[in-house]
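Undergrad: I have a structure here, written as structure tokens, and I will follow up with some questions on it.
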């Protein structure tokens, strides 16, 4: 079971980073604790062996092996030197501690060490942990074991207690360090993430109100500068989507006004007095045609908004579309609309798209024309074109650069109900079909708009 499963997976980034830091610190502390206590225990055991060998050398100096039999010389510190000491002459036990009779397990182990010869150490585990080391005494024989051997013993319980105390102290220190590590990591990560939380709240607020504020990269660390750049891009995309939706709503409203006005006008005319059955059928036909026009407008604009104009190409005969537009929009008092079109001219766009491109141009021309509007369609070397020309005052030179910008009108107080969306819509639809809508500023008098489209 991992530390993550024991503590539970945090749901915050601060909690996860703190837990990762705690896990890493725990692994490091475990390794360091194991290594430290292993080194300490090895050092303590080495100290015990050094003390045993020192005592054994001191005792061996009191053993006289020059005469036979081997005997032990008396010294002033004899009682101290004889503590936990066995002296052997060959296999004969000369001296042993009073606490270790000749038949005890410790004495048997001492005899085994003495019989093996050389300098050796071993450990006996009984009631206590006892360490024994042997030391040769005397000159010995050249090819045999020493004539005498000294074995010293030492109780390792104090050393073991010291090692256990160090282990418990290191474990306590580890727990304190890990607790401090977790607390300080949470505090540090929380402070580090505070600017991120503030940026997130600002981005949420700005996206809701479509504000122009941006984070930028000034006075920010590299990581937060990158985050700020990403959030700025996200806010720009959100704002672009909002502008697109608003533009689509305005364009739909703008384009639907004309067929709605036709429906209202027909109903008002029909309700003004009693009408014959033929008049009623004509009103119904007009309303149905206006309704179909509204549906076509909605489909065309929505398809263009979804980017499907490129994936759904088509062709259409130009003359019927232009005549239908003239019949629908051309009744404007004294203004005469004429249509000139080459025989068999085919445009490389669907009829609905061609209608929506030319309709705003014709509607704009009818608003400003004094007496006539001409629609001329012809085949061009690189496609086909439609020119919409009127004899009105034309477009002021100061407004030409803003002509195709949404919501811009040359004279908002001219009494017309336009919203400045028709010309931008015509250009956008033409471009989505691979064409263009331009204004011929050199044409005088009046205004001349030119539509270029692929040929069918």
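Numbering (the working numbering), first residue to last: 10 to 465.
Here a beta-carbon is modelled for each residue, glycine too, at the ideal position from N, C-alpha and C.
The model shown is predicted, which means the values in this text are computed figures rather than measured ones.
What is the DSSP secondary structure of residue 93, reduced to helix, strand or coil?
TA: Stepping through the chain shown from its first residue, residue 93 is reached at position 84. Coil, per DSSP.
Undergrad: So the candidates are 186, 184, 104 and 99; which of them puts its Cα closest to the Cα of residue 145?
TA: As a first step, residue 145 must be located in the chain shown, where it is residue number 136. Answer by Cα proximity: 99.
Undergrad: Residue 138 and residue 130: beta carbons closer than 8 Å?
TA: Position 129 of the chain shown holds residue 138. Position 121 of the chain shown holds residue 130. Not a contact, by the Cβ cut-off of 8 Å.
Undergrad: Locate the beta strand (DSSP E) running through residue 162, then write down its first and last residues.
TA: Locating residue 162 in the chain shown gives position 153, where the first residue counts as 1. Counting along the chain, the beta strand (DSSP E) containing residue 162 begins and ends at 157 to 164.
Undergrad: So, using beta-carbon positions, are residue 374 and residue 456 closer together than 8 Å?
TA: By one-based count along the chain shown, residue 374 stands at place 365. By one-based count along the chain shown, residue 456 stands at place 447. It is a contact, given that the beta carbons lie within the stated cut-off.
Undergrad: If you check the beta carbons only, do residue 459 and residue 439 fall under 8 Å apart?
TA: Within the chain shown, the letter at position 450 stands for residue 459. Within the chain shown, the letter at position 430 stands for residue 439. Cβ atoms of residue 459 and residue 439: not closer than 8 Å.
Undergrad: Under a Cβ-count criterion, where at least 16 other Cβ atoms within 10 Å of its own Cβ denotes burial, should residue 363 be classed as buried or exposed?
TA: Along the chain shown, one-based indexing puts residue 363 at 354. Answer is buried; the Cβ neighbour count reaches 16.
Undergrad: Where are the beta strand (DSSP E) runs, 3 residues long or more, that stay fully inside the region 359 to 415, in chain order?
TA: For the region 359 to 415, whole beta strand (DSSP E) runs of length 3 or above, ordered along the chain, are 381 to 389 and 392 to 399.
Undergrad: Are residue 382 and residue 399 touching if we call contact CB-CB under 8 Å?
TA: Position 373 of the chain shown, counted from the first residue, corresponds to residue 382. Position 390 of the chain shown, counted from the first residue, corresponds to residue 399. Yes, the pair counts as a contact, with Cβ atoms nearer than the cut-off.
Undergrad: Is residue 466 buried or exposed, if buried means 16 or more other CB atoms sit within 10 Å of its CB?
TA: Past the boundaries of the shown model lies residue 466; the chain is included only from 10 to 465, so the question cannot be answered.
Undergrad: Check the DSSP bridge columns for residue 144 and list the partner residues they point to.
TA: As a first step, residue 144 must be located in the chain shown, where it is residue number 135. Its beta-bridge partners are 159.
Undergrad: Taking the C-alpha atoms as reference points, what is the distance between residue 205 and residue 193?
TA: The residue given as residue 205 occupies position 196 in the chain shown. The residue given as residue 193 occupies position 184 in the chain shown. Rounded to whole angstroms, residue 205 to residue 193 spans 19 Å at the Cα level.
Undergrad: Please classify residue 74: does DSSP put it in a helix, a strand, or coil?
TA: In the chain shown, counting from the first residue as 1, residue 74 sits at position 65. It is coil, neither helix nor strand.
Undergrad: I need the straight-line Cα distance from residue 376 to residue 230, nearest angstrom please.
TA: As a position in the chain shown, residue 376 is number 367, starting the count at 1. As a position in the chain shown, residue 230 is number 221, starting the count at 1. So the two alpha carbons sit approximately 58 Å from each other.
Undergrad: Specify whether the region 97 to 115 and the region 184 to 192 touch according to this definition: at least 3 beta carbon pairs, one from each stretch, less than 8 Å apart.
TA: With a cut-off of 8 Å, the region 184 to 192 and the region 97 to 115 do not count as touching, because too few Cβ pairs lie within range.
Undergrad: Could you check whether residue 57 and residue 168 sit closer than 8 Å to each other, using their CB atoms as the reference points?
TA: Counting from 1 along the chain shown, the entry for residue 168 is found at position 159. Counting from 1 along the chain shown, the entry for residue 57 is found at position 48. Yes, they are a contact pair.
Undergrad: So, at 6 Å on beta carbons, what are the nonlocal neighbours of residue 159 in its own chain, with the 5 sequence-adjacent residues on each side left out?
TA: Against the chain shown, residue 159 aligns to sequence position 150. Excluding residues within five positions, the ones whose Cβ falls inside 6 Å are 65, 68, 69, 96, 144 and 146.
Undergrad: So, with DSSP's three-state summary, where would you put residue 330?
TA: Residue mapping note: residue 330 aligns to position 321 of the chain shown, counting from 1. Note: residue 330 maps to helix in three-state DSSP.
Undergrad: Just how far apart, CA to CA, sit residue 117 and residue 163?
TA: Along the chain shown, read from residue 1 onward, the residue named residue 117 stands at position 108. Along the chain shown, read from residue 1 onward, the residue named residue 163 stands at position 154. Between residue 117 and residue 163, the C-alpha separation is close to 16 Å.
Undergrad: Quick check: residue 371 and residue 338, are their CB atoms within less than 8 Å of each other?
TA: Residue 371 sits at position 362 when you count from the first residue of the chain shown. Residue 338 sits at position 329 when you count from the first residue of the chain shown. Yes.
Undergrad: For residue 292, I'd like the list of residues in its chain whose CB is within less than 6 Å of its CB, leaving aside the five on either flank, ordered along the chain.
TA: Taking the chain shown and counting its residues from 1, one reaches residue 292 at position 283. Closer than 6 Å at the Cβ level, and outside the excluded window around residue 292, lie 275 and 279.
Undergrad: Alpha carbons only, please: which of 333, 360 and 202 is nearest the one belonging to residue 348?
TA: Start at 1 with the first residue of the chain shown, and residue 348 comes out as number 339. Here the closest residue by C-alpha is 333.
Undergrad: Would you mind giving the Cβ-Cβ distance between residue 303 and residue 268, rounded to the nearest angstrom? I have them listed as a contact below 8 Å.
TA: Translated into the one-based positions of the chain shown, residue 303 becomes position 294. Translated into the one-based positions of the chain shown, residue 268 becomes position 259. Correct: roughly 5 Å between the Cβ atoms.
Undergrad: Taking 7 Å as the limit between beta carbons, can you name the residues of its chain near residue 60, skipping five residues before and five after?
TA: Along the chain shown, one-based indexing puts residue 60 at 51. 163.
Undergrad: Taking the CB atoms as reference points, tell me whether residue 53 and residue 178 lie closer together than 8 Å.
TA: Against the chain shown, residue 53 aligns to sequence position 44. Against the chain shown, residue 178 aligns to sequence position 169. No; because the gap between Cβ atoms is not below 8 Å, this pair is not in contact.
Undergrad: Could you give the distance in angstroms between the alpha-carbon of residue 92 and the alpha-carbon of residue 175?
TA: For this step, residue 92 is matched to residue 83 along the chain shown. For this step, residue 175 is matched to residue 166 along the chain shown. Distance between the alpha carbons of residue 92 and residue 175 is about 29 Å.
Undergrad: So what's residue 461 in DSSP terms, helix, strand or just coil?
TA: Locating residue 461 in the chain shown gives position 452, where the first residue counts as 1. If DSSP states are grouped into helix, strand and coil, residue 461 belongs with the strands.
Undergrad: For residue 115, which residues from the same chain have a beta carbon less than 8 Å from its beta carbon, with the 5 sequence-adjacent residues on both sides left out?
TA: Position 106 of the chain shown, counted from the first residue, corresponds to residue 115. If we look at residue 115 and ignore the five residues flanking it on each side, its Cβ neighbours are 109, 133, 135, 139, 141 and 162.
Undergrad: Which of the three DSSP states, helix, strand or coil, is assigned to residue 222?
TA: Taking the chain shown and counting its residues from 1, one reaches residue 222 at position 213. Coil.
Undergrad: Using only the alpha-carbon positions, how far apart do residue 154 and residue 82 sit?
TA: To locate residue 154, count along the chain shown from 1; it is residue 145. To locate residue 82, count along the chain shown from 1; it is residue 73. Here residue 154 scores only 47 on pLDDT, less than 50, and its place in the model is too uncertain to base an answer on.
Undergrad: If you run the structure through DSSP and keep just helix, strand and coil, what is residue 100?
TA: The residue given as residue 100 occupies position 91 in the chain shown. Three-state result, residue 100: coil.
Undergrad: Since residue 39 is in the alpha helix (DSSP H), which residue starts that stretch and which ends it?
TA: For this step, residue 39 is matched to residue 30 along the chain shown. Start and end: 22 to 69.
Undergrad: CA-CA distance, residue 22 and residue 36?
TA: Start at 1 with the first residue of the chain shown, and residue 22 comes out as number 13. Start at 1 with the first residue of the chain shown, and residue 36 comes out as number 27. Going from the Cα of residue 22 to the Cα of residue 36 covers about 21 Å.
Undergrad: Where does the unbroken beta strand (DSSP E) through residue 133 begin, and where does it stop?
TA: As a position in the chain shown, residue 133 is number 124, starting the count at 1. From DSSP, the beta strand (DSSP E) with residue 133 extends over 130 to 134.
Undergrad: How would you call residue 122, buried or exposed, if buried means at least 16 neighbouring beta carbons within 10 angstroms?
TA: On the chain shown, position 113 is the one that residue 122 refers to. Buried.
Undergrad: Return the residue from the list 124, 75 and 170 that minimises the CA-CA distance to residue 46.
TA: Working through the chain shown from its first residue, we reach residue 46 at position 37. The residue with the shortest Cα to Cα distance from residue 46 is 170.
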